[in-house]
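Every position in the sequence shown, counted from 1, becomes a number in this note's numbering once 1 is added.
Where a beta carbon is used, it is the ideal one built from N, C-alpha and C, also for glycine.
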Amino acid sequence: GKLLTGTFFGLLIGITLASCKEQKAPESTSTEISEIAKADKTETALAIENYFPGPNLMKYIVLEDNGLALSEDQEKTFAKWREMNHPGIQEKLMQISQLETEMKSLSLAGADAEEILKKEAESEELRSAVANTKFLCHDLIRETLNPEQWETLVTGYETNFPFLERSKMKEVMQHVNPVPNYMKIIESDSEVLDLSPEQEAKFEAWRAEYHPQMMEMANQIIDLEREIYTGSLQREQKEDLLSRVVQMNQVRNEIVRTKTN
């Protein structure tokens, strides 16, 4: 599952989301950036960081006192992008969250693995679409800022919004695996479940075989997320960043498949 297939990768790159540069919107005033920043502080929308591993550069753009000294034209460009794209991104995040809730419910109901994996495939498609839009946004920001502003943005973003390190394995597994971790419950509540020696032996055999694999796959996703975060700030090509998104989706799918089995 680590190698990319040409067909799958081609489909991802071919996602027909409009470029940041090409979208049109009504004229925005130069004060909209600060207004958006104030709105962001109170909105209850889902945090994109839980679904998109790259830097959310627009989050820094709208900060007050970000040191960028944006011109009025630059502010208008960024305000237009948010007006056209932010609602769509939030809608996709809500859909991903809903799919993960449905996957948990299906798992608890003893649904077929393929039924759960179908939901996971829908989630992967949405994650890829969000990533594609955000990478297009990164391109727009790089093209709109001058070199000095870009360096200020990178330095400020790394300082204010460093890569989110999830050091505890429980947090890592919750992040990469949307279905319940039944084996953890079995391990901690074996006496309450009144398991027979034969049952305990069977579960212990599963843990011995698959637990190291699960840890390796979970850490692989975290490593890929770190590479996307760093690569975005180092101006890597969108295609290279998207290839890592594909890899993450494949690993996440394998985790869900293994946990469901």
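- Closest option to E92, judged by alpha-carbon separation, among L194, E199, C138 and I49: I49.
- The straight-line gap separating the alpha-carbon atoms of L109 and S189 is approximately 18 Å.
- E255 and A122 have their C-alpha atoms roughly 11 Å apart.
- Contact check for I97 and S124: beta-carbon distance about 5 Å, within the 8 Å limit, so the pair qualifies.
- For N51, the closest alpha carbon among the candidates N133, F164 and M59 is that of F164.
- In this structure, the straight-line span from the alpha carbon of V247 to that of I229 is close to 12 Å.
- Cβ contact annotation for N220 (same chain, cutoff 8 Å, sequence separation greater than five): V173, in chain order.
- For I142, the enclosing alpha helix (DSSP H) stretches over residues A114 to T145.
- Looking at the backbone, the Cα of L137 and that of V131 are separated by about 10 Å.
- Contact check for A112 against R258 fails: the beta carbons are separated by 8 Å or more.
- In this chain, the alpha helix (DSSP H) harbouring E73 covers E73 to L109.
- Between M170 and R208, the gap from beta carbon to beta carbon reaches 8 Å or more.
- Relative to E101, the option among E116, G89, P88 and H87 whose CA is nearest is E116.
- For Q150, the number of other beta carbons within 10 angstroms of its own is at least 16, and it is reported as buried.
- Counting along the chain, S233 sits inside the alpha helix (DSSP H) bounded by residues P198 to L234.
- Taken through DSSP and simplified to helix, strand or coil, R167 comes out as coil.
- Rounded to the nearest whole angstrom, the CA to CA distance from V252 to L107 is 21 Å.
- Under the DSSP assignment, P148 falls in the alpha helix (DSSP H) whose first and last residues are P148 to N161.
- Taking the Cα of T78 as reference, the smallest distance to any Cα among T153, V63, G68 and A206 is reached at V63.
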